[in-house]
Structures are given as C-alpha cells and as structure tokens.
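Top line first, the protein sequences correspond to chains S and F.
Under numbering that gives the first Met the number 0, the residue at position 359 of the first sequence is numbered 358, and the numbers go up by one with no gaps.
Under numbering that gives the first Met the number 0, the residue at position 143 of the second sequence is numbered 142, and the numbers go up by one with no gaps.
Cβ atoms here follow ideal geometry from the backbone N, Cα and C, with glycine treated the same way.
Below: the structure, in structure tokens.
There are 2 protein chains.
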Amino acid sequence: MNAPAQASHVLPHVQPRPVPPALIEALQARFGAQCSTALAVREQHGRDESAFTDVPPPAAVVFAESTQDVADAVKLCAQHRVPVIPFGVGSSLEGHLLAVQGGVSIDLGRMNKVLSVNAEDLTVTVQAGVTRKQLNDEIKSTGLFFPIDPGADATLGGMSATRASGTNAVRYGTMRENVLALEVVTAQGEVIRTGTRAKKSSAGYDLTRLFVGSEGTLGVITEVTVRLYPLPEAVSAAICSFPTIADAVNTVIQTIQLGVPIARVELIDAGTVAIVNKYAKLQLREQHMLLMEFHGSPAGVREQAEMVQHIASEHHGADFEWADTPEERTRLWTARHNAYFAAVQSRPGCRAISTDTCVPISRLADCLLDSVAEADASGIPYFLVGHVGDGNFHFGYLIDPDSADERARAEQLNRQLVARALGMGGTCSGEHGVGLHKMDFLVQEAGEGAVAMMRTLKHALDPHNIMNPGKVFAW
Amino acid sequence: MNAPAQASHVLPHVQPRPVPPALIEALQARFGAQCSTALAVREQHGRDESAFTDVPPPAAVVFAESTQDVADAVKLCAQHRVPVIPFGVGSSLEGHLLAVQGGVSIDLGRMNKVLSVNAEDLTVTVQAGVTRKQLNDEIKSTGLFFPIDPGADATLGGMSATRASGTNAVRYGTMRENVLALEVVTAQGEVIRTGTRAKKSSAGYDLTRLFVGSEGTLGVITEVTVRLYPLPEAVSAAICSFPTIADAVNTVIQTIQLGVPIARVELIDAGTVAIVNKYAKLQLREQHMLLMEFHGSPAGVREQAEMVQHIASEHHGADFEWADTPEERTRLWTARHNAYFAAVQSRPGCRAISTDTCVPISRLADCLLDSVAEADASGIPYFLVGHVGDGNFHFGYLIDPDSADERARAEQLNRQLVARALGMGGTCSGEHGVGLHKMDFLVQEAGEGAVAMMRTLKHALDPHNIMNPGKVFAW
C-alpha cells in the first residue's frame with residue numbers, strides 16, 4: 000500500500016507575497032531595459048527542470064550586469080521585503096527557481112566574464128554567470144581544466160549554490176572542495192568576500208562553505224574563485240558491460256576500496272543505454288555498463304586500467320572497449336551527460352522526478368538493487384545513472400505530469416529510496432540540493448536540532464526572509 | 000622604526016567574568032571527582048603552546064567521559080552564563096585555551112574511544128579526545144591511515160576546531176576536506192549531528208564546515224567522522240639540499256604546477272636543520288632542505304621521484320638522499336615534527352611566536368625571501384619550517400617572554416609578514432587558527448563586512464557568549 004503523496008509535492012506553500020508597484024517602478028527606474036516584466040521572460044525565469052508546475056512566475060526579472068547591480072536590486076527588494084531569487088541558467092532539478100512566495104528573479108547570465116586566470120596557482124576567478132563549458136573553453140590555452148560537471152551547462156554561481164558535482168567528483172571532489180573564495184551580496188545588499196586564493200586557511204568561520212550549498216537562501220553569489228587542475232598527460236576512457244547491476248557495482252566498490260585514483264566511473268543501466276543509443280544514434284551494447292576514465296601519466300593510466308580490468312573480469316565484466324581519441328571520448332561523455340534529456344524525450348510530455356541519494360560505498364549494491372527491484376515492480380518508466388564511485392546515483396521516474404497517480408507512485412518510490420539510504424548512513428541529496436523537493440527529507444536526515452540550527456542561521460542573516468524563501472527548510 | 004606592540008598581545012581583554020559558587024557546587028554535585036578545582040589542574044588547563052602568559056586559569060575543569068557529560072556541563076554553565084572552554088591536549092599555538100573571560104574548562108581527553116571503523120568505506124568515527132597517533136595505531140590492522148598530522152599529537156576534536164592540517168595536506172587536504180560529520184553540543188547544551196557518512200552531500204547548510212575551524216566558539220565537538228586512506232603500496236622519502244631558499248622553493252613551485260601528486264614536501268632552513276640535528280642527534284647536511292615523500296604504486300612513486308629530482312637538479316639541488324626503510328622515514332619525519340620543540344629548547348626559557356601565513360604558490364618565493372631578510376635583520380633568533388607545497392610556512396620567533404622589546408619586535412615581524420601575505424592573496428593562518436593572536440589580522444584579511452557576518456552567526460548560535468569567548472573576533 001502506498002502512502003498518500005506528501006504535502007510538499009502539491010506545493011501548498013505557494014503563497015506569493017504582494018509585490019508593491021512602487022518596487023517595480025523603482026527597479027525600472029534603476030535598471031531601465033535591464034528590468035523586464037514581460038510575461039514570457041518572467042515565465043522563463045519561473046520554472047526549472049523539476050517536475051513542479053503551476054507556480055506563478057516572479058513579478059519581474061532583473062538582468063544584472065555587475066555586482067553593484069545585484070546589490071542595488073537586493074537593496075530595493077529588501078526595502079519592500081520582497082523575495083529575491085537568483086537565476087543562472089535555470090537547470091535546477093529541485094524547484095530552486097520557482098517563485099513560491101513571489102518576488103523578483105535576478106538573472107546573473109550577463110555576469111559572464113572570466114575575471115582572472117592564475118594559471119601558476121591553478122586558480123581562476125569568474126563572475127557567477129560563467130558556465131562550466133565556457134570556463135573550460137576560455138582556459139584551454141593554459142593547459143588547465145575545471146573538472147566539476149553536472150549534467151547541464153550550469154553557471155559557476157548556480158553550481159556553488161547547490162554544491163554541485165558530477166562525473167569527475169570521485170577524483171577531483173565537488174564544489175565543496177573546489178571553491179576557494181566567493182563574493183556575495185548579502186540579504187542587506189552589502190558586498191562581502193569570503194576566503195582568499197590561498198589553498199588552505201584556518202582564519203575564521205568558513206563563510207565560503209556556508210554559502211556553498213545555501214541554495215540562494217543566504218545571499219546572492221556574484222563571483223567565484225575555484226581550483227583548476229593540469230590537464231592530465233594521458234587520458235583513457237573505457238566502457239565495460241556487465242550481466243548484472245550487482246556485478247558492475249561490485250567492480251566499482253572494489254576499485255574505490257583499493258584506492259585506485261579513477262577519474263570517472265559512471266553506471267548506466269541497460270534500459271538507459273537503450274534510450275541513449277536511440278537519442279544519440281550510438282551503438283552501445285545494451286547491457287548494464289560502466290563508463291570509466293583514467294587520468295595520469297601514460298604509465299599510470301595503463302596501471303590503473305589494468306587493475307580495474309582485472310577487478311571487472313572477476314565480476315563477469317566484458318572486455319574493455321576503449322575510446323582512445325578525444326573525439327570518441329567526447330562522444331561518450333556527451334552521451335552520458337545527455338542521458339537525462341534523452342530519457343525525458345523517450346516519453347513525450349513527461350517530466351522526470353530525479354532521486355539523488357548517496358550512500359557509503361559499502362552499501363551501494365544493497366541500496367541500488369533493492370531500489371531497482373522496487374522501481375521495476377512499480378511499472379513507472381525510469382532511467383538509472385550513477386556517479387557510483389561516490390555512492391551517488393539517480394533514478395529519474397518519467398511521469399505524466401497530469402497524472403496524480405503516477406506522481407504519487409514515483410514520490411513513494413523516492414521516499415522509500417531515501418529512507419533506505421538514510422538507514423545506511425547516507426544522504427538524500429548527493430548533488431542536486433534540497434530545493435522544494437526534499438525539505439521533508441532534510442529533516443529526516445539531519446534531525447530537528449540540526450535543521451533548527453540552519454533556521455537560526457537563516458533568521459540571523461536574512462531576518463525578513465527575502466532570499467529565495469520557501470526552500471530548503473520551513474521558515 | 001617599529002610600531003608599538005598591538006593591543007591584543009598584551010591581552011587587555013582579559014576580563015574574567017564572575018563564576019558563581021553555585022555553579023561550582025552544581026558541577027561538583029553532577030560530576031564528583033570528574034570536576035576539579037585544584038590549582039595545578041586549572042593551571043594546566045589555562046595555558047597552551049602560545050607565547051601568552053599571565054592569564055588566570057579557569058575556575059574549574061570538568062573531565063567529560065561522554066557526550067551527555069559535555070551537554071550537562073554546558074547546560075549548567077549556560078544557566079549561569081559562565082564561559083565554557085573545550086580542551087583537548089593543550090597544543091594550541093594561538094591562545095585558544097586561555098580563560099581570558101574566566102569560566103570552566105571541559106577536558107575531552109577521556110572521550111578517547113574509536114567508535115566505529117568502516118574500513119570498506121574508508122571512514123572512521125571517533126570521540127573528540129582521540130589523538131591522531133592513537134587513531135593511526137588503532138586502525139593499523141585495516142591497511143588504512145589518517146593523514147592529517149599537525150606537529151603535536153593533537154586530538155581529532157581540537158584538530159577539527161582549528162581546521163588543522165600538517166605535512167600531508169598537500170596531497171590529502173586538511174580537516175576541512177577530511178571531516179565528513181560531527182556530533183556537537185551546542186551553546187544551549189543540545190546535541191546535534193552534522194553530516195553523514197556519505198562521501199558528498201548537497202543536503203542543507205554545511206554545518207560540518209561551520210564547526211570545523213570555529214575554535215570552540217560555537218559549540219563543543221564531541222564526535223568526529225573522518226576519511227581514511229589506503230596505506231600506499233609504496234612509500235619513498237627523500238631529502239634534497241639546496242644552496243639557497245629560493246632554489247628550494249622554486250623546486251616546489253614547479254612540482255606543484257606540474258601536478259605531481261607529491262604526498263609531502265617540507266622546507267627546513269639551514270639554521271633549523273642545525274637545531275634539529277642537535278636535538279635529535281642527527282647528521283643532516285646543514286643546508287636548506289626539502290624533505291619529501293612520495294606515495295603510490297612502486298612505478299608511480301619512481302616516476303614522481305624522477306620528475307622531482309629532475310626539477311630539483313635544475314635548481315641546484317643536491318642528489319636525493321633516500322630514506323628507504325620505515326624506520327629511517329619515521330626518524331626523519333619525527334625530526335620534522337619535533338622542529339618546534341627542538342627550536343624552543345635551543346634557547347632556554349624562550350617562548351615561540353609562530354607565524355602561519357599561507358600564500359598562492361606563485362608568490363611563495365617572494366613572500367618567504369622578503370620575510371627571511373626581515374627576520375635576519377631583526378636579530379631575533381628564529382626557526383623556519385614550511386608546508387611549502389601548500390604555500391604555508393612558519394617562522395617561530397624565539398623570544399624571551401620577559402622582554403617587552405623582543406616581543407614587540409617579533410610581533411612587528413609577524414605583522415609585516417601578514418601584510419605581505421594578504422597583499423599576495425594569501426591568508427594570515429594556514430592551519431593554526433586565529434585564537435587570541437590573529438584577531439586583528441582576521442579583520443584585515445576578511446574585511447569588516449565578513450567579520451560582521453561571522454559575529455552575526457556567533458550571536459545567533461551563542462547569544463550569551465559562553466562558548467570560548469574572547470577568541471577569533473571581538474564580540
């Protein structure tokens with residue numbers, strides 16, 4: 000028997016606050032054409048990749064071109080106690096951008112300058128609207144790269160705000176480990192800097208990491224300084240097919256436990272491989288698959304690959320199929336990054352409800368296999384991909400957004416999965432954030448006391464609850 | 000011309016608050032023999048390795064044996080609005096443990112149990128009083144190790160509270176990167192948990208990293224979950240001598256910029272080598288020296304070492320002297336870890352004023368060489384060691400604690416060094432924390448706005464200012 004759909008999924012907390020005309024007039028006076036109230040613009044800024052619908056859009060959109068623009072917009076909104084919702088490219092999966100309490104969207108997309116590349120120090124400082132692909136394009140000549148790669152071509156500001164990661168995190172860490180410093184506009188419209196370009200510091204509270212993962216609820220991130228890495232001398236990518244998910248996962252578990260510094264190791268289940276094949280016109284073998292990449296010196300890469308191939312063969316893995324040229328590798332990883340979009344297109348008109356649990360690696364097989372069995376039994380179409388080296392995986396339940404029943408069944412699967420992951424010492428969110436979708440899960444995971452502490456911090460820094468209100472936890 | 004010694008160094012903010020007899024009686028009633036008011040015990044808990052003297056000790060010491068003990072002690076102190084100072088082994092270099100506003104010391108040394116080793120997940124959870132050496136002893140049979148190694152055999156709780164690092168941080172990161180989860184007693188005496196055992200998470204504010212580096216000012220850390228690493232298959236340590244500090248530092252800079260995953264790379268200047276030789280009865284060549292360690296597969300270690308040897312030879316480095324056996328390596332690293340104590344003993348009766356700047360690696364040579372010139376010109380004896388792979392180094396000015404003039408000159412050197420490091424995009428503290436000693440520097444580094452935000456957080460979580468008051472920033 001399924002429990003009824005939880006309150007948060009029908010969004011009863013959609014309670015737009017009044018936006019006084021005086022604020023709109025003041026924004027238009029200050030920003031001119033940089034401020035839009037056109038319905039199409041507002042609607043574009045009032046939705047994201049989540050399965051939430053029917054939330055009214057923000058009352059206005061300010062296209063910020065500088066930190067001063069952001070500070071001025073926040074100050075005006077603060078005077079009127081009107082919500083502020085920072086916007087990057089709109090790729091959130093958890094409803095972060097929805098104007099559930101109304102307010103003004105601040106679009107940082109025009110703040111897209113790479114401000115300073117310090118190649119010798121392996122750092123770069125960018126405006127918050129720079130996207131990850133843009134950054135890697137602009138630093139190509141330095142021989143360095145920025146490894147964090149969520150599926151979407153998200154902005155560095157948005158990635159910081161959600162503590163994003165992606166396929167390279169197993170080796171290079173997440174935004175948590177890779178953001179060195181931020182510039183932030185506070186809820187009062189003041190500009191502060193957190194952190195320095197030093198690689199480590201014990202100087203005061205870690206404001207940088209307080210803002211990384213704060214999902215726009217404490218301030219607007221306007222600049223980001225991140226670490227870069229030397230492009231590896233040698234890169235090899237390989238695919239390995241397995242008869243069962245258990246075999247694939249156990250290969251990963253042993254690889255991690257042995258300390259092999261694998262750069263990427265992604266699981267794609269057989270059904271999702273078929274979807275990707277169709278979408279990207281590929282001929283991948285339609286079995287459960289690990290997609291791997293090795294970085295290092297030529298000898299180091301060879302050594303790592305031999306170790307993993309040996310482990311895979313003990314778990315019934317097929318021979319590695321190598322992608323040796325940069326073009327082949329790009330094609331494979333593009334396919335992986337497009338899995339989400341391929342899956343959504345595989346059922347016309349559907350929306351994906353994404354799960355995002357992450358568990359200690361020793362529990363990965365248990366967590367994943369029980370959840371696959373439940374998903375198979377449910378009859379809901381789904382895709383399954385995973386950053387399995389980190390213990391993080393995503394089911395995407397492909398629901399008809401107009402079917403309350405499908406939505407309820409998918410959310411029930413999600414709840415069961417989260418309960419299972421929490422029972423194993425895991426988290427409800429490896430990389431997507433809480434947004435609107437996991438507010439109940441956060442309380443289950445962190446406990447009332449820890450959430451109360453988060454609320455205390457929020458009340459202290461944003462006493463009028465204007466920064467992206469209604470997200471992460473209840474006010 | 001030297002500026003006068005700054006206010007913070009003569010500690011005008013020593014303002015013990017009254018500790019009501021009723022609190023002492025209540026603590027004694029609750030804790031019996033676990034609560035001591037003996038002068039010797041209080042004095043031992045009222046000092047650390049900093050150069051501060053003449054601060055009255057705490058009014059009582061509670062030897063906590065459980066989280067409940069800590070919570071009860073904090074609750075009693077909170078009722079009476081009396082300060083609480085968490086105590087590990089007393090190895091702070093920055094005055095963290097001094098009872099500048101009076102209060103009660105909570106000694107966590109008896110909370111020294113390793114609670115659960117999850118070898119398959121490369122994690123361990125310990126009580127806060129477990130020391131780093133104890134932890135590595137207790138997990139020896141698992142084939143794993145915990146890399147963070149400040150000079151002292153500090154507790155994991157203290158290391159978390161100061162965001163400590165050490166010689167392995169260049170490869171394995173600091174406490175910032177390696178603490179997964181905490182149990183904390185809040186300023187209200189409530190027990191919360193932050194984080195999970197999952198390797199990454201985007202679920203809510205990063206309370207873990209808010210407490211890592213909070214120096215006891217937001218709560219008492221009672222349990223710590225940290226990452227472990229597989230013991231490398233091969234380890235090689237080598238010493239290389241250089242005619243100038245610049246040659247040594249430039250070797251390091253190039254090594255880091257090339258992305259060589261060196262596990263340790265420490266600078267010891269010629270004078271300090273002489274001190275260490277005398278203290279540890281070694282015969283190291285008394286030149287500027289890099290002490291290095293390489294971790295990996297046998298082939299990987301060979302490859303790394305060859306690359307660094309090649310870089311060193313281009314910078315006039317002597318041939319590597321290898322320490323091949325575990326015993327030789329332990330002897331070398333023990334010598335490095337004892338450099339501080341060796342230096343302090345080299346001038347009987349002295350106290351060391353330690354600097355702790357950390358700069359982006361491209362500026363390391365400039366920062367270090369100018370500071371060496373200043374130190375040489377000052378006539379103050381000093382030692383110089385550095386985690387140079389991170390851009391972090393320590394001068395220890397060995398002053399006569401009764402000489403106001405020496406103290407003033409040493410602090411002036413420190414101020415000049417910090418100003419230089421901040422101008423280069425660095426930090427005043429790489430790993431020791433702010434404590435009493437760097438409160439002014441923190442404001443210079445972070446700016447008034449960021450420090451005001453830290454203060455807002457402190458006021459929100461500890462409204463009566465009972466958690467280690469008078470440290471990090473002014474109330």
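Using DSSP bridges, identify the partner residues of residue i.
| i | result |
| --- | --- |
| S:Cys349 | DSSP output for S:Cys349 lists no bridge partner at all. |
| F:Ser479 | Given that chain F is displayed from residue 0 to residue 474, the structure contains no residue 479 of chain F and the question cannot be resolved. |
| S:Cys366 | Partner(s): none; S:Cys366 has no beta bridge. |
| F:Ser235 | F:Phe293 |
| S:Glu302 | None; S:Glu302 has no bridge partner. |
| F:Ser240 | F:Met288 |
| S:Ser517 | Because chain S here runs from 0 to 474, residue 517 of chain S falls outside it and cannot be looked at. |
| F:Gln126 | F:Glu222 |
| S:Phe210 | Paired residue(s): none; S:Phe210 is not in a bridge. |
| F:Thr426 | F:Cys357 |
Can you tell me whether residue i is buried or exposed, with buried defined as 16 or more other CB within 10 angstroms of its CB?
| i | result |
| --- | --- |
| F:His436 | buried |
| F:Leu38 | exposed |
| S:Pro82 | buried |
| F:Glu327 | exposed |
| F:Pro347 | exposed |
| S:Asp318 | exposed |
| F:Glu176 | buried |
| S:Lys132 | exposed |
| F:Ser140 | exposed |
| S:His309 | exposed |
| S:Leu363 | buried |
Where does residue i fall in DSSP's three states?
| i | result |
| --- | --- |
| S:Arg46 | coil |
| S:Glu93 | coil |
| S:Leu107 | coil |
| S:Thr226 | In the sequence as displayed, the identity of residue 226 of chain S is Arg instead of Thr. Correct three-state label for S:Arg226: strand. |
| F:Phe394 | strand |
| S:Gly150 | coil |
| F:Gln483 | Look at the range of chain F in this structure, 0 to 474, and you will see that residue 483 of chain F is not part of it. |
| F:Gln100 | coil |
| S:Gly165 | coil |
| S:Phe340 | helix |
| S:Phe30 | helix |
| S:Val358 | coil |
| S:Glu189 | coil |
| S:Ser115 | strand |
| S:Val178 | strand |
| S:Leu217 | coil |
Hey, could you find the ends of the alpha helix (DSSP H) residue i is sitting in?
| i | result |
| --- | --- |
| S:Gly446 | 438-460 |
| S:Gln415 | 403-422 |
| S:Gln67 | 66-78 |
| S:Asn135 | 131-137 |
Quick check on the DSSP output: the beta strand (DSSP E) that includes residue i runs from which residue to which?
| i | result |
| --- | --- |
| S:His431 | That residue, S:His431, is in no beta strand (DSSP E); it is neither H nor E in DSSP. |
| F:Phe62 | 59-62 |
| F:Trp321 | 320-322 |
| S:Arg263 | 263-267 |
| S:Gly172 | Careful: S:Gly172 lies outside any beta strand (DSSP E) and carries neither H nor E. |
| F:Gly385 | 381-386 |
| F:Ile84 | 83-86 |
Return yes when the C-beta of residue i is under 8 Å from any heavy atom of the ligand SAM, and no when it is not.
| i | result |
| --- | --- |
| F:Ile267 | Questions concerning the ligand SAM fall outside what the structure shown contains, since it holds no ligand whatsoever. |
Would you say the segment 259-270 of chain F touches the segment 216-225 of chain F, given that touching needs at least three Cβ pairs under 8 Å? no
Evaluate contact between the segment 441-454 of chain F and the segment 375-383 of chain F, counting only Cβ atoms and requiring at least three cross-stretch pairs below 8 Å. no
Tell me, please, whether the segment 234-246 of chain S touches the segment 97-116 of chain S by the rule of three or more beta-carbon pairs shorter than 8 Å. no
Spell out a yes or no on whether the segment 226-239 of chain F and the segment 69-82 of chain F are touching, meaning 3 or more CB-CB pairs, one atom from each, closer than 8 Å. no
Three or more C-beta pairs under 8 Å: does that hold for the segment 65-73 of chain F against the segment 399-416 of chain F? no
Under 8 Å: do the segment 198-205 of chain S and the segment 155-174 of chain S share three or more Cβ pairs, one atom per stretch? no
Looking at C-beta atoms only, is the number of pairs between the segment 387-397 of chain S and the segment 356-364 of chain S that lie closer than 8 Å three or more? yes
Segment contact, 8 Å Cβ cut-off, at least three pairs: the segment 86-102 of chain F with the segment 44-63 of chain F: yes
Kindly confirm or deny that the segment 448-459 of chain S and the segment 448-460 of chain F touch, where touching means at least three C-beta pairs closer than 8 Å. yes
Touching by the beta-carbon criterion (3+ pairs, under 8 Å), the segment 287-304 of chain F and the segment 422-429 of chain F: no
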